[in-house]
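For the sequence shown, this note's numbering begins at 85 and goes up steadily by one.
Note sheet for the following structure.
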Amino acid sequence: MRLVTGKRVIWMVIALVLSACSTVSNKAPDKLVRHGIQRQFLHDNQFNFNGQIRLLADQDEVKKFSDKVADQALDDKTQVTDSASSSESVGKKHAAKISAKANKESYCAYDNSTEDCEKRNEPLNGALSFIAQNTTIPFSGAIDIPRGKFEFVPAVRYEASNILFSIKVPVQIDIKEKMLIADVRAIRPFASVINAIITRMDQSPEILNKPYIAKKFPERANNLPLKELILAAPKAIDDGYASYDKKAFVRLSIDEAGKKIGARYRIRLNSTDEQYRAMEAAIVDSLNEQLKQSEIQEASLKAKANQLQKKDYAAIQKLLAKKREQILNDKLGKIKYDSVITDFYLDDRGRLLAMHEMYRFIFDNSRISRVGRNKTINTSLWIQFDYTSHPKFTLNQTLENTVYRNNK
85 MRLVTGKRVI WMVIALVLSA CSTVSNKAPD KLVRHGIQRQ FLHDNQFNFN GQIRLLADQD
145 EVKKFSDKVA DQALDDKTQV TDSASSSESV GKKHAAKISA KANKESYCAY DNSTEDCEKR
205 NEPLNGALSF IAQNTTIPFS GAIDIPRGKF EFVPAVRYEA SNILFSIKVP VQIDIKEKML
265 IADVRAIRPF ASVINAIITR MDQSPEILNK PYIAKKFPER ANNLPLKELI LAAPKAIDDG
325 YASYDKKAFV RLSIDEAGKK IGARYRIRLN STDEQYRAME AAIVDSLNEQ LKQSEIQEAS
385 LKAKANQLQK KDYAAIQKLL AKKREQILND KLGKIKYDSV ITDFYLDDRG RLLAMHEMYR
445 FIFDNSRISR VGRNKTINTS LWIQFDYTSH PKFTLNQTLE NTVYRNNK
């Protein structure tokens with residue numbers, strides 16, 4: 085009897101596993117991506133990550149990401165072809181627009197002769213381009229959403245013939261403690277210079293003797309609904325991805341990068357500047373609506389509201405309204421997206437393993453555009469996730485190793 089019961093349990097477990105895999109595999113590409121992102125927020129929300137940003141991606145990589153995806157499609161060939169054709173036509177349209185604009189505008193807008201300007205700036209342009217091509221930004225970090233702890237360890241690395249330069253400044257945010265912590269050992273030798281330039285900084289020599297600096301959030305942050313904002317983030321991001329046309333998501337075959345990390349699915353999202361801004365607006369609208377609901381619920385609990393300090397929802401909502409206006413009016417800066425191509429790598433359970441993004445930026449600022457010698461720059465980002473119940477944080481501050489700065 086026990087043997088029969090044991091076999092039944094084993095078969096039930098196998099059936100459940102197969103059922104879960106089948107459920108994931110049957111999802112449409114857009115649903116699969118949204119499932120993976122939501123799972124990362126709500127279930128697999130403790131992990132380490134690492135990756136790299138390349139300031140100037142090489143043309144071969146750009147071409148590879150710009151090619152039609154029809155040859156790599158797995159299932160819905162019609163959908164893939166439509167999406168690829170749409171992406172190609174959008175790319176051609178943007179390229180023509182950029183080319184026409186570049187012909188009309190000079191990098192030296194205030195000079196009489198464009199040719200003289202280009203000749204004069206050629207050495208500087210070449211130097212900036214060379215530095216950017218040989219500079220990468222490797223990064224790592226840890227996220228523990230239940231504990232409200234986030235760590236980001238970026239580094240700037242420049243490597244060329246006979247030269248290697250790298251600098252790293254780890255930063256950690258502790259939401260529960262309302263504290264920002266930074267490891268300043270990399271800039272410790274320059275502390276005196278920084279203090280001389282930034283006169284508002286504390287002139288205390290402690291910064292030379294202790295590796296970490298910790299600073300509490302401003303007092304007004306205690307009244308902000310930070311917890312409610314974090315709880316609203318998963319749905320807001322899902323609403324953002326839901327704003328895309330389903331045809332923008334395409335299922336592709338697994339490439340070498342996906343095979344190395346054990347990915348089962350690879351989904352590509354093609355996005356233009358207009359679509360990306362629409363997604364951002366959808367995220368802001370969702371956050372705003374959820375915070376309004378949280379404020380109504382808090383106000384309805386009059387007895388509890390009288391005992392607790394009222395949270396300043398208006399301040400967050402004002403920031404969100406300003407952000408939305410900037411997005412819709414395209415006033416976020418002189419750096420704009422021309423296109424963004426994102427590959428999502430997921431395992432057989434729909435868990436997000438990695439992302440590879442290729443950004444094509446348009447620079448209206450003539451000085452910045454000199455780095456790429458034109459108005460567009462391609463930037464590549466790769467990020468990989470390592471899920472664990474105990475994320476490894478590198479910054480562990482104590483009274484002995486940390487300088488605590490007072491808010492002024």
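Even for Gly, the Cβ is constructed at its ideal location relative to N, Cα and C.
Compute the distance between the beta-carbons of Ile259 and Val117, then report whether it is under 8 Å.
By the CB criterion at 8 Å, Ile259 and Val117 fall outside the cutoff.
Can you name, in chain order, every residue of its own chain whose Cβ lies under 6 Å from the Cβ of Asn306, other than the five neighbours on each side?
Here the set comprises nothing.
Buried or exposed for His440, please, with buried defined as at least 16 other CB atoms from any protein chain shown within 10 angstroms of its CB.
Buried.
I'd like the list of long-range same chain contacts for Ala368, defined as Cβ closer than 6 Å, with 5 residues on each side in sequence excluded.
This sequence places Val at residue 368; Ala is not what is there. Only Leu404, Lys407, Arg408 meet the Cβ criterion.
Is the CB-CB distance between Ala437 and Ile121 below 8 Å?
For the sequence presented, residue 437 should be read as Leu rather than Ala. Cβ atoms of Leu437 and Ile121: not closer than 8 Å.
Range of the contiguous alpha helix (DSSP H) that encloses Pro273
Here Pro273 belongs to no alpha helix (DSSP H), and DSSP marks it neither H nor E.
Can you name the start and end residues of the beta strand (DSSP E) that Arg138 belongs to?
Looking at the DSSP string, the run of the beta strand (DSSP E) that includes Arg138 is 130–138.
With a cut-off of 8 Å, do at least 3 Cβ pairs link the region 460–474 to the region 126–139?
Yes, the region 460–474 is in contact with the region 126–139.
Return the chain-ordered list of same chain residues with a C-beta closer than 6 Å to the C-beta of Phe301, the five sequence neighbours on each side being excluded.
So the list reads Lys262, once near-sequence residues are dropped.
Could one say the Cβ of Pro230 lies closer than 8 Å to chain D's Cβ atoms, at least one of them?
Of the chains in the structure shown, none is chain D; there is only one protein chain.
Is the CB-CB distance between Phe432 and Arg348 below 8 Å?
Correcting the residue type first, residue 432 is Asp in the shown sequence and not Phe. Yes, they are a contact pair.
Could you pull out every residue in the same chain whose Cβ sits closer than 6 Å to the Cβ of Tyr421, ignoring the five residues on either side in sequence?
In chain order, Asp357, Tyr360 place their CB closer than 6 Å to the CB of Tyr421, counting only its own chain and leaving out the 5 sequence neighbours on each side.
Glu379 vs Gly324 beta-carbon contact at 8 Å
Note that the C-beta distance between Glu379 and Gly324 is not below 8 Å.
Residue nearest to Tyr471 in terms of C-alpha spacing, selected from Ala399, Tyr242, Leu430
The option with the nearest alpha carbon to Tyr471 is Leu430.
Would Ser355 and Val268 be called neighbours here (beta carbons separated by less than 8 Å)?
Pairing Ser355 with Val268 gives a Cβ-Cβ distance that is not under 8 Å.
Tell me, to the nearest whole angstrom, how far the beta carbon of Phe477 is from that of Gln256; I am working on the premise that it is less than 8 Å.
The beta carbons of Phe477 and Gln256 sit about 7 Å from each other, so the pair counts as a contact at 8 Å.
Classification of His119 by the beta-carbon crowding that lies within 10 angstroms, buried from 16 upward:
The residue is buried, with at least 16 neighbouring Cβ atoms inside 10 Å.
State the DSSP-derived secondary structure class of Ser464, mapped to helix, strand or coil.
Ser464 carries a strand assignment under DSSP once its states are collapsed to helix, strand and coil.
Enclosing beta strand (DSSP E) for Ser250 [first to last residue]
For Ser250, the enclosing beta strand (DSSP E) stretches over residues 247–252.
In three-state terms, what does DSSP make of Gln481?
In the structure shown, Gln481 sits in coil (DSSP, three-state: anything other than H, G, I, E or B).
Output the boundary residues of the beta strand (DSSP E) element that contains Asn354.
Note, Asn354: beta strand (DSSP E), 349–356.
Within the continuous beta strand (DSSP E) that includes Pro222, where are the two ends?
According to the DSSP assignment, Pro222 belongs to the beta strand (DSSP E) that extends over 219–228.
Per DSSP, what kind of secondary structure is Glu261 in: helix, strand or coil?
Here Glu261 sits in coil by DSSP.
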